[in-house]
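Peer 1:
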Amino acid sequence: MTPERLREIYGDPSPRAAVKVIRKFDRHCRQFIEHSTFLVLASSDGTNLDVSPKGDPAGFVTVETDTTLLVPDRPGNNRIDGLLNILQHPKVALLFMIPTVSETLRVNGTAEICTDPALCDRFQVNGRSPKTVLRITAEEIFTHCGKAPMRGGLWKAETWPAARPVASLNEMIRDHGQVEVESIEQSAVEDRYRQTLY
119 MTPERLREIY GDPSPRAAVK VIRKFDRHCR QFIEHSTFLV LASSDGTNLD VSPKGDPAGF
179 VTVETDTTLL VPDRPGNNRI DGLLNILQHP KVALLFMIPT VSETLRVNGT AEICTDPALC
239 DRFQVNGRSP KTVLRITAEE IFTHCGKAPM RGGLWKAETW PAARPVASLN EMIRDHGQVE
299 VESIEQSAVE DRYRQTLY
């Protein structure tokens with residue numbers, strides 16, 4: 119496969135798609151980020167890839183300047199794959215989502231890991247500060263059409279499964295890692311979430 123062959127298959131981008139990339143956070147981007155409750159962060163160490171979900175109440179990401187964002191890093195499983203990647207290769211990509219909004223906002227840029235206590239304290243939730251905050255300098259910013267979420271019925275409740283269609287996290291961990299878990303009931307997983315969310 120070559121770039122030329124791909125262009126033969128797909129054709130050229132539409133004029134609208136070709137001009138939609140901007141370099142600064144305008145009022146539309148700021149409004150989108152202000153209402154976003156969930157994003158995914160893609161990173162690489164130059165060889166391996168990682169994508170990490172980030173979520174908090176609307177407004178959890180701050181537009182610091184016309185070209186920089188601040189993203190708090192909440193407690194997780196302490197694998198810190200994305201943070202370790204950023205140390206090796208600071209290029210990242212973000213995809214912002216707002217429940218019920220089919221379109222998404224994409225940001226490509228460069229990240230640095232900040233540990234300044236005063237900065238981290240600005241992102242306290244329930245009295246707890248994140249251990250680090252990412253400062254992301256944007257290089258490309260653009261909206262993405264809503265076709266994929268619409269095709270998947272992402273925000274249409276009538277397309278959602280009536281009951282959980284997959285095993286609990288604990289059951290998956292038990293089977294994947296061949297380790298003992300306290301319970302495979304989903305209620306046990308949700309109890310732990312409540313205890314460790316922040």
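With my numbering, the residue at position 94 of the sequence shown is 212, and numbering never jumps.
Positions of the beta carbon are idealized from the N, C-alpha and C atoms, including for glycine.
1) Closest to Thr222 by CA distance: which of Gly295, Leu124 and Leu157 is it?
2) Whole beta strand (DSSP E) runs in the segment 166-201 with 3 or more residues, listed along the chain?
3) Taking the beta strand (DSSP E) that Cys317 falls in, what are its first and last residues?
4) List the endpoints of the continuous beta strand (DSSP E) containing Ile140.
5) Would the segment 166-181 and the segment 296-307 be scored as touching if the rule is three or more Cβ pairs under 8 Å?
6) Using only alpha-carbon positions, find the residue among Asn288, Val284, Leu188 and Gln206 that is nearest to Pro248.
7) Is the segment 268-288 in contact with the segment 187-204, if contact means three or more CB pairs nearer than 8 Å?
8) Can you tell me where the alpha helix (DSSP H) with Ile254 in it begins and where it stops?
9) Please state if the CB of Phe214 and the CB of Lys138 are separated by a distance shorter than 7 Å.
10) Tell me which same chain residues have a C-beta within less than 7 Å of the C-beta of Cys147, skipping the five on either side of it?
11) Applying the criterion that 16 or more other CB atoms from any shown protein chain within 10 Å of the CB defines a buried residue, is Val251 buried or exposed?
12) Over what stretch of residues does the beta strand (DSSP E) that includes Leu319 continue unbroken?
13) Drop a sphere of 10 angstroms on the beta-carbon of Gly227, count the other beta-carbons inside from all chains shown, and report buried for 16 or more, exposed for fewer.
14) So, with DSSP's three-state summary, where would you put Val315?
15) Going by other Cβ atoms of all chains shown within 10 Å of its Cβ, with 16 needed for buried, is Ile151 buried or exposed?
16) What residue range is occupied by the uninterrupted beta strand (DSSP E) comprising Leu159?
17) Going by the beta-carbon positions, is the gap between Ala211 and Ala160 smaller than 7 Å?
18) Ignore the nearest five residues each way along the sequence and tell me which others in Gly173's own chain have a CB closer than 7 Å to its CB.
19) Which stretch, first to last residue, makes up the alpha helix (DSSP H) that contains Ala285?
Peer 2: Result, derived from the coordinates:
1) Leu157
2) 167-173 and 186-191
3) In the structure as shown, the chain begins at 119 and stops at 316. Residue 317 is therefore absent and cannot be evaluated.
4) No beta strand (DSSP E) contains Ile140, which DSSP labels as neither H nor E.
5) no
6) Leu188
7) no
8) Premise fails: Ile254 lies in the beta strand (DSSP E), Thr250 to His262, not in any alpha helix (DSSP H).
9) no
10) Leu223 and Ile259
11) buried
12) With the chain covering 119 to 316 only, the question about residue 319 has no answer from this structure.
13) buried
14) It is Leu, not Val, that sits at residue 315 in the sequence shown. Note: Leu315 maps to coil in three-state DSSP.
15) buried
16) Phe156 to Ser162
17) yes
18) Thr155 and Phe156
19) Note, Ala285: premise wrong, no alpha helix (DSSP H); not H, not E.
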